[in-house]
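Structure first, then comments.
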Amino acid sequence: LAVQRQRGRQRTAALDEELLRKTRRLEETVASLQQTNLELDSFIYAASHDLRAPLLSMAGMADLAKLALASNDLGELEGYLDRIHRSIRRLDQVVVDILQTNRARRMDRTLEPTNLAALLTEVVDSLGAMDAAHAVDINAHCNSTKKLPVERRRIRQILHNLISNGMKYRDMDREDSFVDARVDVVGDELHIRVANNGIRIPDGLRERIFEMFFRASNQSFGSGLGLYLAHQHAVAMGGTARLVDHPDETV
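Just so we're aligned, residue 93 is where the sequence shown starts under the numbering used here, counting upward by one.
Okay, here's the thing in structure tokens:
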């Protein structure tokens, strides 16, 4: 009888432990779903605003262009068409960034043999068509030319977003604008460092730069998803992203 009671207590303890584990997993799942819902609400609100803004701008410019055309003012007409074109580019960038956000959530962890130095050069070359390319010196360095098994697509997106962000938010009053990009293999870690001497980020906003749709300046027509995506990709690979502000540069 004593043995049976002991076995009964053991079974009860085992069931209690299993119930506790399942309860914890359920709580974690619920918390994850609640966070996902919050992010989705924020995403829909911000995306709808960023999509409507250039559309409304184009509608207004189109009306003004009609008036300029009716009065045969070709100079004004050209100006309105240029502004419509800029709004189209902004809208296209928002759509591209939204698509990239969706891909980042679904992207598998696939390791590919990658020459990181060649990848860095590829990214820098791809940014040569940006408006700011002629005004910014890009210095790129990688301490490894070996092919290493890394998540190539994520790393390429991180490099692209960080470097292009440094180019977009250059200091318009400077003639020596630069972006320094370094990729260093340190043991089994990969360190990516991108610095520029662009516009400063106000103290109260530095903690928010990796938030979805956040922009610290209106200087660029970016969507505010670039740094968010870079951070998400870093986290997905077990890393992190952070901002360091020095007197002469932002990293």
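Positions of the beta carbon are idealized from the N, C-alpha and C atoms, including for glycine.
Exposed or buried, which one is VAL278 when buried takes at least 16 other CB atoms within 10 Å? exposed
To the nearest angstrom, how far is the alpha carbon of GLU110 from that of VAL122? 18 Å
Taking the alpha-carbon of LEU321 as reference, which of ASP200, MET153, ASN164, LEU254 has the nearest alpha-carbon? LEU321 has its Cα closest to that of LEU254, out of ASP200, MET153, ASN164, LEU254.
Start-to-end residues for the alpha helix (DSSP H) that takes in THR213: 208-218
Just to confirm the assignment, what range does the beta strand (DSSP E) spanning VAL271 have? 270-278
Could you round the C-beta distance between VAL242 and THR206 to whole angstroms and report it? I think they count as a contact, below 8 Å. 5 Å
Taking the alpha-carbon positions, what's the TYR261 to ASP223 distance? 12 Å
Could you please give me the residues that DSSP links to LYS345 through a beta bridge? In the structure as shown, the chain starts at 93 and stops at 343, and residue 345 therefore has no counterpart that could be examined.
How big is the Cα-Cα spacing for ILE190 and LEU212? If I take the Cα positions, the gap works out to 24 Å.
Assuming ARG248 and VAL215 are in contact, meaning their beta carbons sit under 8 Å apart, how far apart are those beta carbons, in whole angstroms? 6 Å
ILE250 versus SER218: straight-line alpha-carbon distance, rounded: 14 Å
Contacts around ALA196, its chain only, beta-carbon distance under 7 Å, and the 5 residues preceding and following it disregarded: LEU321, GLN324, HIS325
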